[in-house]
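> In the working numbering, the protein residues as written are 386 to 795.
No residue lacks a Cβ here, since even glycine has one placed at the ideal position from N, Cα and C.
Every value quoted in this text rests on a predicted model; they were computed, and no experiment measured them.
1. Opposite residue 425 in the DSSP bridges: which residues?
2. Report yes if the CB atom of residue 488 is closer than 8 angstroms to the CB atom of residue 521, and no otherwise.
3. Considering just the uninterrupted stretch of the beta strand (DSSP E) at residue 520, what are its terminal residues?
4. Just the Cα atoms here: how many angstroms apart are residue 709 and residue 703?
5. Could you compute how far the alpha carbon of residue 799 sits from the alpha carbon of residue 775?
6. If residue 449 and residue 499 are in contact, beta carbons under 8 angstroms, what's the gap, nearest whole angstrom?
7. Any idea if residue 681 is buried or exposed, counting beta-carbon neighbours within 10 angstroms, 16 or more meaning buried?
8. What distance in whole Å lies between the Cβ atoms of residue 602 and residue 677, which are believed to be in contact at a cut-off of 8 angstroms?
9. Consult DSSP for residue 781 and reduce its assignment to one of helix, strand or coil.
10. Using a Cβ-Cβ cutoff of less than 6 angstroms, which residues in the same chain neighbour residue 599 once the five nearest sequence positions on both sides are dropped?
11. From residue 758 to residue 638, what does the alpha carbon distance come to, in whole angstroms?
12. Would you report the Cα separation of residue 721 and residue 556, rounded to the nearest angstrom?
13. Spell out the partners DSSP gives residue 430 in its beta bridges.
14. Return helix, strand or coil for residue 807, following the three-state DSSP convention.
15. Nearest CA to the CA of residue 762: which residue from 724, 541 and 390?
16. Measure the Cβ-Cβ separation of residue 422 and residue 445 and say whether it is below 8 angstroms.
17. Please identify the residue among 700, 616, 612 and 661 whose C-alpha is closest to the C-alpha of residue 625.
18. Roughly how many angstroms separate the alpha carbons of residue 713 and residue 649, rounded to a whole number?
19. So, for residue 632: in the same chain, excluding its five sequence neighbours on each side, which residues have a beta-carbon less than 7 angstroms away from its beta-carbon?
20. What whole-angstrom Cβ distance do residue 509 and residue 502 have, given they're in contact under 8 angstroms?
21. In three-state terms, what does DSSP make of residue 607?
22. When the Cα of residue 426 is compared with those of 621, 441 and 416, which residue comes out closest?
23. Return the chain-ordered list of same chain residues with a C-beta closer than 8 angstroms to the C-beta of residue 586, the five sequence neighbours on each side being excluded.
24. Quick check on residue 498: does DSSP put it in helix, strand or coil?
25. Pick out whichever of 549, 727, 615 and 657 has its Cα sitting closest to the Cα of residue 743.
26. Put residue 478 into one of helix, strand or coil per three-state DSSP.
27. With three or more beta-carbon pairs closer than 8 angstroms as the criterion, would you say the segment 537-549 touches the segment 390-400?
28. Return the bridge partner residues of residue 648 from the DSSP annotation.
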């Protein structure tokens, strides 16, 4: 067994060990992809009580070069990637450069092992690199008695102490990983990432995708790819990416698309790499060039979702009429009838946007909901809207916006 000590101050190393569960997993996946893995499998191992015993990230890449672990694993910033830009076999663009990603594993649990198999001149050899969160600058290296069947690395994180409940929601985790790796998986369709056996495929979880070509006020250019997701993701983001689609920095988009939409906006340009290396992207609105891109992006997003809301509304109303669940027949003959329909459509679209499974309702269920909603609105629009707002737990601000939109006085 060999002891490996990272050449850096302990407080600096400790600062690299913090991340959200998804961020930490993403770093481990990136390390696997940079090692030329084509299949990366993430598994959350639960105990009988439903808690998490361990987290495993396994890949079929080239493995960690344990023979040079003392120089590469023991030097912060001493990653083998610093002098190359492509993976060794498949020639894919590398993500990491500074050798910091491995420390994110300690954000998941106290004990981490890298069980790796590599190809040498003598044949396959397997090693175990192990470390503890209490002293993340110290690792042990042990060679296994017998090599594994093929190259690759299995990272096993045990002694899980931080809250990891979000990882038990496989659907949510797949959605988050799909958002993070969307552009990479699009560029390299032969790469597969799995979470709990579920394929992380942005195409499956996205509703729509559209690309815009932007030009900042200083003449710099970038591509804006807007990906709309089928399920909610929390706050929508603008993600600055380099020319190869790797995320460098993300900010709140500050553009609310309206009910029923969840999205991520990817800004892609070779210009963002030098800005990132100079720590200028983090300045956001305080840096003129970055602010110009953010302003242009946000205006484009507002126009995009204005058009998308109009298109989606028309599609849904047409669909409901064809299904026979729309509770009005023929055309509105008076202004009052048109106003009644407008109020109903606003409430129906609102209800759908807050329901996780409305689109899977049967025709009878949709017809019942819409009939009751129409009758309630016809009898007392204000009371009906209050009831719907209470059921959906809408904020005071949202209630006022809807009342104003529907022409109902407070």
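Let's see:
1. For residue 425, which the question treats as bridged, DSSP gives the partners 444 and 578.
2. Yes; because the gap between Cβ atoms is below 8 angstroms, this pair is in contact.
3. Under the DSSP assignment, residue 520 falls in the beta strand (DSSP E) whose first and last residues are 520-528.
4. Computed Cα separation, rounded: 10 angstroms.
5. In the structure displayed, the chain extends from 386 to 795; residue 799 sits before or after that span and is not available.
6. At roughly 6 angstroms, the Cβ-Cβ gap stays under 8 angstroms, so residue 449 and residue 499 are in contact.
7. It counts as buried.
8. Under the criterion of beta carbons closer than 8 angstroms, residue 677 and residue 602 qualify as touching, at roughly 4 angstroms.
9. Of the three classes helix, strand and coil, the one that applies to residue 781 here is helix, per DSSP.
10. Result list for residue 599: 607, 609 and 681, in chain order.
11. Computed Cα separation, rounded: 34 angstroms.
12. So the alpha carbons of these two residues sit roughly 44 angstroms apart.
13. Residue 430 pairs with 439.
14. Nothing can be reported for residue 807, as the shown portion of the chain is limited to 386 through 795.
15. Residue 762 has its Cα closest to that of 724, out of 724, 541 and 390.
16. Yes; because the gap between Cβ atoms is below 8 angstroms, this pair is in contact.
17. Of 700, 616, 612 and 661, the residue nearest in Cα terms is 661.
18. Per the coordinates, the alpha-carbon of residue 713 lies some 36 angstroms from the alpha-carbon of residue 649.
19. If you ignore the 5 residues before and after residue 632, its C-beta comes within less than 7 angstroms of the C-beta of 565, 624 and 626, all in its own chain and listed in chain order.
20. Right, the Cβ-Cβ distance comes to about 6 angstroms (below 8 angstroms), so this counts as a contact.
21. Here residue 607 sits in strand by DSSP.
22. Here the closest residue by C-alpha is 441.
23. Here residue 586 has 563 and 570 as same chain residues with Cβ atoms under 8 angstroms from its own Cβ, once five neighbours each way along the sequence are excluded.
24. Residue 498: strand per DSSP, three-state reduction.
25. Out of 549, 727, 615 and 657, 615 has the C-alpha closest to the C-alpha of residue 743.
26. Strand, per DSSP.
27. Touching, no, given that fewer than three Cβ pairs across the two stretches are closer than 8 angstroms.
28. Residue 648 has 613 as its beta-bridge partners, per DSSP.
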